[in-house]
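Peer 1: Starting off with a structure, shown below.
Residue numbers (the numbering used here): 31 to 255.
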């Protein structure tokens, strides 16, 4: 088992991904024979309609134009990953983002299926969708109802900002150091409703603490590391 020495939710650059896993700097699926891994990057990108259903990511396969083929390049690697020995590591980030959040090792938990999506030229085509589930539960950006927010033109910028806060390290005046574990946002505009921090050394019983968004900019209470 390959150890990238990354924490769940940790934000890294594309250059760091390439160096750690020995993979190409481009593409949403990147195979490394040296580390025997497949790096999968889920983008908030209009061509690939990736979405979370509960704790399972439904990831669109490789191929920007025309019908996708399940035996094409890394689509095949991912399809056979439960028995070919290749370990799949997931990252999330918006397209052209400077940082990507590490989501850990994932497994294919259901058979891939086909659906219709538009390609890069806005033409309808058939794609393959891979249901992937993280081995370790992920921190998430959710609505107050506990659902994954649907990205729209109105909330896209705020959602991307929230995604990039996941995994950020903080030091709280009372509770010590920890990481942002989950963020609750409004569906309409994607504004932060609340955020949860998982502390390393809790001093008062609970491991997780939930805070109002006003504390995001309260430098006397919370210091960003």
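Glycine included, every Cβ here is placed at the ideal spot set by N, Cα and C.
Measuring CB atoms only, is the segment 35-53 touching the segment 135-153, in the sense that at least three cross pairs come out at less than 8 Å?
Peer 2: The segment 35-53 is not in contact with the segment 135-153.
Peer 1: Can you grab the Cα-Cα spacing for the pair residue 89 / residue 207, in whole Å?
Peer 2: The count along the chain shown starts at 1 and reaches residue 89 at position 59. The count along the chain shown starts at 1 and reaches residue 207 at position 177. If I take the Cα positions, the gap works out to 33 Å.
Peer 1: Could you pull out every residue in the same chain whose Cβ sits closer than 6 Å to the Cβ of residue 36, ignoring the five residues on either side in sequence?
Peer 2: Along the chain shown, read from residue 1 onward, the residue named residue 36 stands at position 6. Taken in chain order, the residues that qualify are 132.
Peer 1: Whose C-alpha, out of 198, 230, 173 and 91, is nearest the C-alpha of residue 222?
Peer 2: Walking along the chain shown from the start, residue 222 turns up at place 192. Out of 198, 230, 173 and 91, 173 has the C-alpha closest to the C-alpha of residue 222.
Peer 1: Taking the beta carbon of residue 235 as the centre, do at least 16 other beta carbons fall within 10 Å, making it buried, or is it exposed?
Peer 2: In the chain shown, the residue the question calls residue 235 occupies position 205. Bear in mind that the predicted position of residue 235 carries a pLDDT of just 47, short of 50, making it too unreliable to give a figure here.
Peer 1: Ordered along the chain, which non-local residues of its own chain (more than five positions away) have a Cβ less than 6 Å from that of residue 259?
Peer 2: Residue 259 is absent from the model: the chain starts at 31 and stops at 255.
Peer 1: If we count the other Cβ atoms within 10 Å of its Cβ and call it buried at 16 or more, is residue 115 buried or exposed?
Peer 2: Indexing the chain shown from 1 puts residue 115 at position 85. Classification for residue 115: exposed.
Peer 1: Is the CB-CB distance between residue 97 and residue 155 below 8 Å?
Peer 2: Your numbering for residue 97 matches position 67 in the chain shown. Your numbering for residue 155 matches position 125 in the chain shown. Against a cut-off of 8 Å, the Cβ pair of residue 155 and residue 97 comes out as a contact.
Peer 1: Would you mind sorting residue 130 into buried or exposed? The rule is 16 or more other CB atoms within 10 Å of its CB.
Peer 2: Translated into the one-based positions of the chain shown, residue 130 becomes position 100. It counts as buried.
Peer 1: Suppose contacts are defined by Cβ-Cβ distances below 8 Å. Is residue 123 in contact with residue 71 by that definition?
Peer 2: Along the chain shown, read from residue 1 onward, the residue named residue 123 stands at position 93. Along the chain shown, read from residue 1 onward, the residue named residue 71 stands at position 41. The answer is yes: Cβ separation under 8 Å.
Peer 1: Less than 7 Å between C-beta atoms, sequence neighbours within five positions excluded: which residues of the same chain meet that for residue 160?
Peer 2: Along the chain shown, read from residue 1 onward, the residue named residue 160 stands at position 130. The residues are 89, 91, 108, 138 and 142.
Peer 1: By the three-class DSSP mapping on this structure, what secondary structure does residue 131 have?
Peer 2: On the chain shown, position 101 is the one that residue 131 refers to. If DSSP states are grouped into helix, strand and coil, residue 131 belongs with the strands.
Peer 1: In three-state DSSP terms, what is residue 123?
Peer 2: For the purposes of this step, residue 123 is taken as the residue at position 93 of the chain shown. Strand at residue 123.
Peer 1: So, at 8 Å on beta carbons, what are the nonlocal neighbours of residue 224 in its own chain, with the 5 sequence-adjacent residues on each side left out?
Peer 2: If you number the chain shown from 1, residue 224 lands on position 194. Hits under 8 Å: 213, 214, 240, 241, 242 and 243.
Peer 1: Which same chain residues end up closer than 7 Å to residue 251 when comparing Cβ atoms and leaving out the 5 residues on each side of it in sequence?
Peer 2: Locating residue 251 in the chain shown gives position 221, where the first residue counts as 1. Same-chain partners within the cutoff: 202, 203 and 245.
Peer 1: Buried or exposed: where does residue 31 fall if 16 or more other Cβ atoms within 10 Å of its Cβ makes it buried?
Peer 2: Indexing the chain shown from 1 puts residue 31 at position 1. With fewer than 16 Cβ atoms within 10 Å of its Cβ, residue 31 is classed as exposed.
Peer 1: Which same chain residues, not among the five before or five after residue 192, have their C-beta less than 8 Å away from its C-beta?
Peer 2: By one-based count along the chain shown, residue 192 stands at place 162. The residues are 171, 213, 215, 220 and 222.
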